[in-house]
Structure formats: C-alpha cells, structure tokens
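Numbering (this note's numbering), first residue to last: 739 to 1186. Here a beta-carbon is modelled for each residue, glycine too, at the ideal position from N, C-alpha and C. These figures come from a predicted structure and were not determined experimentally.
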Ligand SMILES: [Zn+2]
C-alpha cells in the first residue's frame, strides 16, 4: 500500500481547533494513518513520497455543497440545457484547483443514469442533490425547461434519494424565483433580442428591482425607478417603461408562486426521505424559508448573503433561522472578483462577524464564482473570521450537515479518508497540493 507523508506543515484539521505547527500527516492507501510531531524526513525510510509542507498550511479537502454546472444534468433548477461535457469537466477542474475535493451539484434535475455516472470522469468526489418534485418541475417548465427530457420528468425525488442523491435542492432556485439567473441570463437575453443592446447583469438587476422590488411583488412597480434604470442601461428611447414592466414580469412572475410553494413541498419530501433540503434563501423567499425552519427537517439556507438582502435584514433573518435550528450557508458568489452581481464583501463580513454562519460554498455567480479559500483569506485578514472556524465552515460543518455527502471526510484525523490540501498560509487561495483518497491530483498548483 502506498504511503505518503505531508511533512512539517501547519495543520488546521477542520474541527475548529487551533493550528498545530510542525506536524507530519502520514497517509497509507486512501486513509490518514497518523498525525505526529514532525520527524526528520530521512527517518521515513520506506515511504513512497514525502511532500515538503514546511511552513505551509495543511487542511481537509474542501466540501462545496452549492455548485452548478458540475454534472451532466440540465443547468440550474430551471432545467436549462446542460453545459457541454468539456465545460463541466473544466468547471470541476476549477473547483479542484481551488482546493475542493467534494462537490455537490445542486442543479437538481437528475436521472438514475446521471446519479450512476458520478465517478470516473473526474477525480473530484461528485454528488448530486435532487429537485425532482412536482412544483419544481412545473416552475422549471414555465421558466425554461429547455434541458428537460422525459427521463427527468418521470423521475421522482424519492427515487433520486434511493439512487444516491444526498439532499433535495436547490429548491426555489434563482431562475424560477427571479434571482440571479433572471439578471444574468433571461432578462439580458430578451432585451438583446428586442433591442440588439447587451446589458450587464447589474443593469438587468436594476430593471428587475424597479419593476418587482427586492421581494418580488407586482405591487412594488416603480415607474420612476424603471426610467432611471433604463437610462442607466442606455436603453432610454429604445424601450418604454411599459415594455420593461412586461419583459421583466413576463420572465419572473409566471413561475414565481409555484416555485415558492416548492419550498414547503420539498421540505416535506426531504423529511420523508431522510435527507436535508437545501433552499434558495433570498429576499423573495425568506418568509417561506423561515416557515420551514423549525419543522422536523434539516434545512440548509443557501447563500444567506444573497445580494437581494439588505444587510440588517440578512443578519436578522439568519439569526432567526439559526434559532430555529437551520444551517446558515453563505456563498462566495462574485464578491471579490467579477462583481457582476455582488457589490462587495460588506454583507458577507457582517454575516461572519455576527457569528451566524455555519457553512460556506461558492454558488455559481453566472460562472464567475470566487474560491472559498479566497473568501476565508480575505475575511480572516479583515478580522471577522478565525482561520480554524473558516476552514470548519468549508469542511467538517458541511460533512455534518449533509451526512451522505462526504462520510469520513472533512476532518484530518486518523482513520479519515485522505482528502487533503496544502496551501500558502499568507495567501490561502494559492493552493499547492491536493490529495484525494490518498492520491496526489494537484502538484504545484496544477493538475497532476
Ligand atoms: Zn440559489
């Protein structure tokens, strides 16, 4: 059996404990065998490989439980046509190079075939959530549904759990609830079709809020705000206020109520199937999410720092969800890099500072998500998060929240599966080495 030693690193083991300096992690086969005070490298006579981790941080492989475009399934719970396989593999590579060793695809519409084909194509551990419930299917069919086949329509969430789905989700996802997808996909596409002008996601979002408000309601229509948003998008004279009202309402509203009702329906099904339910938590869905919290189901409130929330509202909502036993997730979104949808880290930092965050994931952000380790790096440097707590949010806390997702993973302890990351403590997103099941799959920051 192959033996590898990660030599002389600083271990943050995922359990929230303080870093341990000068540690050797000994891996045999696919398992962490022992964790010991660093010994001279030449005392390991017979080992196959010694990875010099001197001064580097050793952490568990990250478990990212909110991703899209990571499986051979329709894209998003709106049932959009799936990405080409090469793009899916490229997305998985990107997660891997960011230190993620387990990915949960929450696009949602799965089949027995998709669930059976989770291994093999890529070294990352890929698992699926299912949104194969009647109201999600109905909402997807209204909102898009271009990638749905009879196999998706005929498959149930109960069957999906039996075939290996580890959670239900994403329920009420953005595209059916007027969230990010409406802003970066559907509204710009329709406006380009009518005017030939390509607007940015932020401009589309401004139009959407002007017509329907942050909580998505026809009564929030604000003609003056629509005028302003039209001017901001360079569309004055090309579209009238009435045109914009019709476009935005036509894209967002038909699927909205049915998608909202899916949250309670999915919670009921998840309870019956014994798996967690992962829901789209945003200003538009917060009342329905709060109503499910406190019922007898494991509720994961996804991306609780969604950009539709104002800061106080998000923190107060998260506090209420936590009181009711929900798991509060935040997503990196495009907070630090692209900022096509997110304006900055204030809300994310406020969530950390308030101590309400249980888990951290990426979500999709229109294909521009920031790495989890980048968010932890920035938040620790900003003084709103400790490194051990941040690592736990991306590892052990996730493994505990979704028991089927990553058993024996998420902690660097003897007997755990050896999913390990070696990275630079001064710049956490500079991932050097990634090991999955005892095999090194990333060396010096590139795929091995
Ligand atoms: Zn979402």
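* Asked: Can you tell me whether residue 1026 is buried or exposed, with buried defined as 16 or more other CB within 10 angstroms of its CB?
  -> Your numbering for residue 1026 matches position 288 in the chain shown. Classification for residue 1026: buried.
* Asked: Can you give the Cα-Cα distance for residue 1066 and residue 976, rounded to whole angstroms?
  -> As a position in the chain shown, residue 1066 is number 328, starting the count at 1. As a position in the chain shown, residue 976 is number 238, starting the count at 1. C-alpha of residue 1066 to C-alpha of residue 976: approximately 42 Å in a straight line.
* Contacts around residue 1058, its chain only, beta-carbon distance under 7 Å, and the 5 residues preceding and following it disregarded -> Sequence index remark: in the chain shown, residue 1058 carries index 320 (1-based). For residue 1058, the CB contacts under 7 Å within the same chain, skipping 5 residues up- and downstream, are 1028 in chain order.
* **Whole-Å CB distance - residue 911 paired with residue 814, under 8 Å assumed** => For this step, residue 911 is matched to residue 173 along the chain shown. For this step, residue 814 is matched to residue 76 along the chain shown. About 6 Å separates the two Cβ atoms, so the contact holds.
* Asked: In the DSSP assignment, what are the bridge partners of residue 798?
  -> The sequence position of residue 798 within the chain shown is 60, counting from 1. For residue 798, the pairing in a beta bridge is given by DSSP as 1158.
* To do: Tell whether a beta-carbon distance below 9 Å holds between residue 766 and residue 805.
  => In the chain shown, counting from the first residue as 1, residue 766 sits at position 28. In the chain shown, counting from the first residue as 1, residue 805 sits at position 67. No, they are not a contact pair.
* Asked: For residue 1170 and chain C, any beta-carbon pair shorter than 9 Å?
  -> The chain inventory of the structure shown lacks chain C, comprising one protein chain alone.
* To do: Could you tell me which residues DSSP pairs with residue 1099 in its beta bridges?
  => Position 361 of the chain shown, counting from 1, holds the residue named residue 1099. DSSP lists 1069 as partners of residue 1099.
* **Own chain, CB closer than 6 Å to residue 1142, minus 5 neighbours either side, in chain order** => Within the chain shown, residue 1142 is the residue found at index 404, counting from 1. Result list for residue 1142: 904, in chain order.
* To do: Would you kindly report the start and end of the unbroken alpha helix (DSSP H) that includes residue 1139?
  => Translated into the one-based positions of the chain shown, residue 1139 becomes position 401. Residue 1139 -> alpha helix (DSSP H) spans 1134-1139.
* Asked: Do you know offhand how far residue 1130's Cα is from residue 1052's?
  -> Numbered from 1 along the chain shown, position 392 holds the residue referred to as residue 1130. Numbered from 1 along the chain shown, position 314 holds the residue referred to as residue 1052. Between residue 1130 and residue 1052, the C-alpha separation is close to 22 Å.
* Asked: Less than 8 Å between the CB of residue 1040 and some heavy atom of ligand 1, yes or no?
  -> One-based indexing of the chain shown puts residue 1040 at position 302. Residue 1040: yes, Cβ under 8 Å from ligand 1.
* To do: Determine the extent of the alpha helix (DSSP H) in which residue 866 is found, giving its start and end residues.
  => In the chain shown, the residue the question calls residue 866 occupies position 128. Counting along the chain, residue 866 sits inside no alpha helix (DSSP H); it lies in the beta strand (DSSP E) bounded by residues 863-868.
* To do: Have a look at the DSSP bridge pairing and note the partners of residue 1172.
  => For the purposes of this step, residue 1172 is taken as residue 434 along the chain shown, with counting starting at 1. According to DSSP, which records beta bridges pairwise, residue 1172 is partnered with 1159, 1180.
* Relative to the alpha-carbon of residue 1081, which residue among 1071, 787, 1089 has its alpha-carbon at the smallest distance? -> Within the chain shown, residue 1081 is the residue found at index 343, counting from 1. For the residues 1071, 787, 1089, the minimum Cα distance to residue 1081 belongs to 1071.
* To do: Give the single residue among 879, 949, 778, 836 whose Cα lies nearest to the Cα of residue 819.
  => The residue given as residue 819 occupies position 81 in the chain shown. Measuring from the Cα of residue 819, the nearest candidate turns out to be 879.
* Asked: Buried or exposed: residue 1135, going by 16 or more other Cβ atoms within 10 Å of its Cβ?
  -> Looking up residue 1135 in the chain shown gives position 397. Classification of residue 1135: buried, given that the 10 Å Cβ count is 16 or more.
* Asked: Below 9 Å between beta carbons: does that hold for residue 1147 and residue 799?
  -> Numbered from 1 along the chain shown, position 409 holds the residue referred to as residue 1147. Numbered from 1 along the chain shown, position 61 holds the residue referred to as residue 799. Their beta carbons are under 9 Å apart, which means residue 1147 touches residue 799 by this criterion.
* **Rounded straight-line distance, which links the Cα of residue 882 to that of residue 945** => As a working mapping, residue 945 is identified with position 207 in the chain shown. As a working mapping, residue 882 is identified with position 144 in the chain shown. So the two alpha carbons sit approximately 20 Å from each other.
* Would you grab the beta carbon distance between residue 852 and residue 809 for me? Rounded to a whole angstrom, and I think it's under 8 Å. => The count along the chain shown starts at 1 and reaches residue 852 at position 114. The count along the chain shown starts at 1 and reaches residue 809 at position 71. Between residue 809 and residue 852 the Cβ distance is about 6 Å, and since that is below 8 Å, they are a contact.
* Asked: Does DSSP put residue 1108 in a helix, a strand or coil?
  -> Position 370 of the chain shown, counted from the first residue, corresponds to residue 1108. In the structure shown, residue 1108 sits in coil (DSSP, three-state: anything other than H, G, I, E or B).
* Would you call the segment 986-993 and the segment 965-976 touching, i.e. three or more CB-CB distances under 8 Å? -> By the Cβ criterion, the segment 986-993 is not in contact with the segment 965-976, since fewer than three pairs of Cβ atoms, one from each stretch, lie closer than 8 Å.
* Helix, strand or coil at residue 871 [DSSP, three-state] -> For this step, residue 871 is matched to residue 133 along the chain shown. DSSP places residue 871 in coil when its eight states are reduced to three.
* With a cut-off of 8 Å on the beta carbons, I'd call residue 789 and residue 1171 a contact; round off their distance for me. => Numbered from its first residue, the chain shown carries residue 789 at position 51. Numbered from its first residue, the chain shown carries residue 1171 at position 433. With a Cβ gap of about 6 Å, residue 789 and residue 1171 count as contacting.
* Is residue 908 near ligand 1, in the sense that its beta carbon is under 8 Å from a heavy atom of that ligand? -> Counting from 1 along the chain shown, the entry for residue 908 is found at position 170. Distances between the C-beta of residue 908 and the heavy atoms of ligand 1 include at least one below 8 Å.
* Asked: How about residue 956: is its Cβ closer than 8 Å to a heavy atom in ligand 1?
  -> For the purposes of this step, residue 956 is taken as residue 218 along the chain shown, with counting starting at 1. It does not: the Cβ of residue 956 is nowhere closer than 8 Å to a heavy atom of ligand 1.
* Asked: Do the segment 841-857 and the segment 893-901 touch if we need at least three Cβ pairs shorter than 8 Å?
  -> These segments touch.
* **Rounded distance between the beta-carbons of residue 1096 and residue 1166, thought under 8 Å** => The sequence position of residue 1166 within the chain shown is 428, counting from 1. The sequence position of residue 1096 within the chain shown is 358, counting from 1. Contact between residue 1166 and residue 1096 is ruled out by a C-beta separation of about 20 Å, above the 8 Å threshold.
* To do: Pull up the distance between the alpha-carbon of residue 771 and that of residue 1150, whole angstroms please.
  => As a position in the chain shown, residue 771 is number 33, starting the count at 1. As a position in the chain shown, residue 1150 is number 412, starting the count at 1. Rounded to whole angstroms, residue 771 to residue 1150 spans 10 Å at the Cα level.
* To do: Pair every Cβ in the segment 931-946 with every Cβ in the segment 973-987, then say whether three or more of these pairs are closer than 8 Å.
  => By the Cβ rule, the segment 931-946 counts as touching the segment 973-987, because three or more pairs are nearer than 8 Å.
* How should residue 927 be labelled, buried or exposed, when 16 other C-beta atoms within 10 angstroms of its C-beta is the threshold for buried? -> Position 189 of the chain shown, counted from the first residue, corresponds to residue 927. With fewer than 16 other Cβ atoms within 10 Å, it is exposed.
* Which residue from 1111, 1117, 875 puts its Cα closest to that of residue 1159? -> In the chain shown, counting from the first residue as 1, residue 1159 sits at position 421. Nearest C-alpha to residue 1159: 1111.
* To do: Could you work out which residue in 942, 951, 893, 1050 is closest to residue 1091 when comparing CA atoms only?
  => Start at 1 with the first residue of the chain shown, and residue 1091 comes out as number 353. When only C-alpha atoms are compared, the closest one is 1050.
* Asked: On the three-state DSSP scale, how would you describe residue 907?
  -> Mapped onto the chain shown, residue 907 falls at position 169. In the structure shown, residue 907 adopts extended strand secondary structure according to DSSP, grouped into three states.
* To do: Could you name the residues that DSSP lists as bridge partners for residue 1039?
  => Against the chain shown, residue 1039 aligns to sequence position 301. In the DSSP assignment, residue 1039 forms a beta bridge with 1017, 1066.
* Residues that DSSP places opposite residue 772 in a beta bridge -> For the purposes of this step, residue 772 is taken as residue 34 along the chain shown, with counting starting at 1. DSSP output for residue 772 lists 764 as bridge partner(s).
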